[in-house]
Structures are given as structure tokens and as C-alpha cells.
Amino acid sequence: MTRAVPRQSKVKSLSDAIAANIADGDSVSLEGFTHLIPFAASHEIIRQQRKNLTLIRMTPDIIYDQMIGTGCASKLIFSWGGNPGVGSLHRFRDAVENAWPHQLELEEHSHAAMASGYDAGAAGLPFAVLRGYQGNDLVGTHSNIKFINCPFSGESLAAIPAIRPEVTVIHAQRGDKFGNVLIEGIIGVQKQAALAANRVVVTVEEIVDDLKASSNSCILPSWVINAIVEVPGGAKPSYAFGYYPRDNEFYKSWDSIARDRSHFLEWVQDNVLSAPAKNVDVA
1 MTRAVPRQSK VKSLSDAIAA NIADGDSVSL EGFTHLIPFA ASHEIIRQQR KNLTLIRMTP
61 DIIYDQMIGT GCASKLIFSW GGNPGVGSLH RFRDAVENAW PHQLELEEHS HAAMASGYDA
121 GAAGLPFAVL RGYQGNDLVG THSNIKFINC PFSGESLAAI PAIRPEVTVI HAQRGDKFGN
181 VLIEGIIGVQ KQAALAANRV VVTVEEIVDD LKASSNSCIL PSWVINAIVE VPGGAKPSYA
241 FGYYPRDNEF YKSWDSIARD RSHFLEWVQD NVLSAPAKNV DVA
């Protein structure tokens, strides 16, 4: 007779979840579109001084400005990058223009290509095919944009490698202790990024017994997740639909914080390195 294997809790502390799943040199995707951006997890990566990471994100905003400025990244795979509604990412620019804190390799794509790449990675396919890049200036800037002919119509189509992060980190509203996760509101590519990855860490506003998922909610099943961490406010200064609003003033203030290297390093010391990990203790 086959015995049922009891389900195991996947609840971890934030420090343990990052330490166990992210190593120097990994390719790491931290996704979330306008809300549910996993800032608390990114700060723990900075505190643990992870280096030589390939950071992947469709819209690297200030979460990656912070990680680039603290020396976590050696390469960035991305589409649009900037401080939404404000302007440039100054730590990103400093790395590209002045190699500070060190040189940053870039692989830039369109939004459509990034989304298609995640889809291919989630489906276990080797590459993504899309209409696009015809006459685009990104063609030739790196080796990961190629063209193929459709075997049925002969149409020329663009192709990029599937995006398969070694680790994906996301934030969500609720999860249970086994690692089933509910995402509500605007959904970007979190689901695809999680399914495409070898390992997945999820921070949530609450760990609950019942997800109370409404119809057509996005649910990631426990078998996808390696660690789940309860981190109330873990997406701030972005917002979490149903929990708290976006901190627009912080996004505005980031422009002056990040412009100057010394000011940036002081902010990191006071608000990241000297700050305790934002998570509920695990018994």
C-alpha cells in the first residue's frame, strides 16, 4: 500500500530563504509590475553581499538601481529601465558610463521579447519566437536576437533564448505554509518567471490557512515554490493591491538620493545594511 507523504512547511525566515537559494554568480529574476515588487527580498540580497549576479527584469526600476549600486550585479537582462514618472536610474547610469562600482554588461530587449522569453522558459522550450525587431536598433547590440523563417509560411520571425533564471523572487498578497501563493491585482510575468526558474522564493503579506482566492485569481502551486516568507510591507515603496498604496514621494526622493555616490551609500547603510530583515520570525 502506498502511503501519502505528509506535506512539509516551506516557511522560512527571509535571511534563511535568501541564503539557501541565491549564490554568487546566479541569474536572478525579481519580478512584479508596478506593484508587488519584492524590495524586502532585494535588500536581504544586498545585506548578504551577493556578487556577480545576472539580474533579469522586464522593467528595472529603483529595486535594481539599489542592487547595481551596491555591487550585486555583473550583468543585466532587461527591457525599459528608469525611475517611473521621475527620470533616470543614476546608479545604473554610473555603472554603465563609469564602471562604478564595476562594469555592468547589458542585454537589452523589447517588452514583448522579454515576456515571450519568460513564456518559453515556463514552457520548457529552448527559445521564443515573435514578430518584432524588424529594423530595430537593438539588433546587433548583442548575440541573443536572431531571425528564423517560419517552416509553414516562410515569414521571417525574431527569436531569443528562453529566459530561465536560476532563481526567481516575487512578492504576493497571501500564501499558505505549504507554499501555495495567491497573486491579485495587476499581474505581470510573475507566474511565468516562477515556472521558468530552477528555484523560487516568495515573500507574502500574510501566511494564511485559506487563500480565499476569487475566480480567475493567479495561484502558484506549492510544487513551484522552494521557500515562502511572511514579510508585511515587503513590496514597499511599491504597492500591494488590497494592502497599502504606492509611496510616490519615495520614488521622487530617490532621484536625489541616487545621484550622488556618497549620499547613496549613506542611504544604503542606514536603510538596508543597518536595518534588520523585514520578516516575521519563524518558530
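When you line the sequence shown up against the numbering used here, it's residues 1 to 283, in that order. Built from N, CA and C at the ideal position, the CB exists for glycine as well.
Contact set for residue i: own chain, Cβ-Cβ below 6 angstroms, skip 5 residues either direction
i    : result
D270 : none
V313 : Past the boundaries of the shown model lies residue 313; the chain is included only from 1 to 283, so the question cannot be answered.
P237 : D247 and F250
L220 : V181 and A194
I68  : R91, F92 and A95
Neighbour-count burial assignment, residue i, 16 or more Cβ in a 10 Å radius
i    : result
A123 : exposed
E205 : buried
F245 : This sequence places Pro at residue 245; Phe is not what is there. Burial call: exposed.
R131 : exposed
P60  : buried
V28  : buried
R7   : exposed
F78  : buried
A194 : buried
L191 : Per the sequence presented here, residue 191 reads as Lys, with Leu not at that position. By the 10 Å Cβ count, K191 comes out buried.
K10  : buried
T141 : exposed
E105 : exposed
A275 : exposed
G234 : buried
DSSP beta-bridge partners of residue i
i    : result
P161 : F127
Y243 : Answer is none; Y243 lacks a bridge partner.
N83  : G87
S29  : I56 and T168
I252 : A small correction: the amino acid at residue 252 is Lys; Ile does not occupy that position in the sequence shown. In the DSSP output, where bridge partners are listed per residue, K252 has none listed.
L220 : V181
K236 : According to DSSP, which records beta bridges pairwise, K236 is partnered with nothing at all.
F78  : R57 and E108
I295 : Because the chain spans 1 through 283 in this model, residue 295 falls outside it and cannot be assessed.
Sequence-distant residues of the same chain with beta carbon closer than 8 angstroms to residue i, five excluded per side
i    : result
H263 : S256 and I257
G81  : T59, P60, D61, Y64, L89 and F92
P126 : A120, P161 and A162
Sequence-distant residues of the same chain with beta carbon closer than 7 angstroms to residue i, five excluded per side
i    : result
N144 : E107, I160 and P161
P84  : D61 and Y251
On the three-pair Cβ rule with 8 angstroms, is the stretch 229–243 touching the stretch 200–220? yes
Whether or not the stretch 177–192 and the stretch 18–25 are in contact is what I'm after, with contact meaning three or more pairs of Cβ atoms, one per stretch, closer than 8 angstroms; do they touch? no
Give a yes or no on contact between the stretch 154–173 and the stretch 102–119, applying the rule of three or more CB pairs nearer than 8 angstroms. yes
Three or more C-beta pairs under 8 angstroms: does that hold for the stretch 142–154 against the stretch 212–225? no
The stretch 72–92 touching the stretch 51–60, judged by at least three CB pairs closer than 8 angstroms: Because the criterion of three Cβ pairs below 8 angstroms is met, the stretch 72–92 and the stretch 51–60 touch.
Ranges of the alpha helix (DSSP H) found wholly within the stretch 130–218, counting only runs of at least 4: 190–196
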